[in-house]
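Asker:
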Amino acid sequence: MGGTLLAVAMLALMPLSAWAERSVETAYGVVTVPEAPQRVVTLHEGALDVAVATGVTPLGAVTTRGGDNVARYLAPHFDDIAIVGVVREINLEAVLALEPDLILAPPQLAEAQYRLLSRMAPTVVPRNEGLDPEAWRSETRLFAQALGREAEGEAALDDVDARAAELAERMAADERPSAVLVRWMPQGPMVMSEALFTAGLLRAAGVAIHDAGLVREGVPHSDPLSFENLSRVDADWLFLATLNEEGREALEAAKASPAFARLDVVARDRVVPVDGQLWTSATGPLAAQAILDQLDAALSP
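For reference, each letter of the sequence shown is one residue, going -20 to -1, 1 to 281 in mature numbering (1 follows the signal peptide of the UniProt record, and there is no 0).
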């Protein structure tokens, strides 16, 4: 609480920027942004992905879900990046200390936080489209526009579409493999929604991904499954995601259970371990390419 009050007090002394030269339409109305931002802070994993994909290196970012730094697939792009909070808890003082000239925020950002952040720098918030496998495309375009990298953003989207189409061409329409994506947590396996970013990518690549009817509309995953219900996730392919060491340990323990061993997909050796940070949390053009690369490696003979 003290840190928030200090940040608010410091903001009261800051003049609103007068040098912005372009306007973008956001969830909170039209926002003017600098023509060529130099000190970008991202508060959304998808925004960090888009920035890097379009040639911009942000000064600060939030941690990935289940981690203490940026996502592993993005880490090689940075020698050093300031961490300014976690997914649902932004450290306002840390953001302010970076003296940003542009802040890229998540669609779920509350208005009260937006008001504070927008006093530090122009703050761009996408419209919240709910759980939609294609929402990342409009977010990519908005963030790229705010960064002054519209052409690079469109090129990144085109590259993803071309890569997915290339994979889909290898699969005849009547031979589309089925798949289920499961995030394995210490409390058990959770089936991920077929409305997620990753599900949309896999469908575009020719994979018939589904959530086995276990996920309610509008939520990202099912409740944890009991071992007795593991058979519900049987498919041609099973992608098993873990977020952290605790999840990996729980998965290793589960593999020793009779219920896991009885799955047809296990008998066919078509269980593919994947990075949960990438497959169940990330969005953006670079995340899409990384997922498609891993899908290609798994399904290639």
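Glycine is no exception: its CB is placed at the ideal position from the N, C-alpha and C atoms.
Could you check the C-alpha separation between Val245 and Val195 for me, to the nearest Å?
Answerer: Computed Cα separation, rounded: 20 Å.
Asker: Using DSSP's beta-bridge definition, name the partner residues of Met172.
Answerer: Met172 is bridged to His201.
Asker: To the nearest angstrom, how far is it from the Cα of Asn209 to the Cα of Ala131?
Answerer: Using only the alpha carbons, I get a separation of about 47 Å.
Asker: Could you tell me the alpha carbon to alpha carbon distance between Leu97 and Trp116, rounded to whole angstroms?
Answerer: About 23 Å.
Asker: To the nearest angstrom, report how far apart Gln125 and Pro265 are at their CA atoms.
Answerer: Gln125 and Pro265: Cα-Cα distance of roughly 15 Å.
Asker: Helix, strand or coil: which one does DSSP assign to Ser206?
Answerer: Note: Ser206 maps to coil in three-state DSSP.
Asker: Output the boundary residues of the beta strand (DSSP E) element that contains Leu218.
Answerer: Run containing Leu218: Trp217 to Thr222, per the beta strand (DSSP E) assignment.
Asker: With DSSP as the reference, identify every bridge partner of Arg163, one or two as the case may be.
Answerer: Looking at the DSSP assignment, Arg163 forms a beta bridge with Met170 and Ala221.
Asker: In whole angstroms, what is the alpha-carbon distance linking Pro106 and Ile63?
Answerer: Going by the C-alpha atoms only, they are around 21 Å apart.
Asker: Would you mind sorting Ser280 into buried or exposed? The rule is 16 or more other CB atoms within 10 Å of its CB.
Answerer: Ser280 is exposed by the Cβ-count criterion.
Asker: Helix or strand or just coil, what does DSSP make of Ile61?
Answerer: In this structure, Ile61 counts as coil in the three-state DSSP scheme.
Asker: Less than 8 Å between the C-beta atoms of Ile61 and Val75, yes or no?
Answerer: In this structure, Val75 does not lie closer than 8 Å to Ile61 by Cβ.
Asker: Out of Ser261, Leu272 and Tyr8, point me to the one whose CA is closest to Ala27's CA.
Answerer: Answer by Cα proximity: Ser261.
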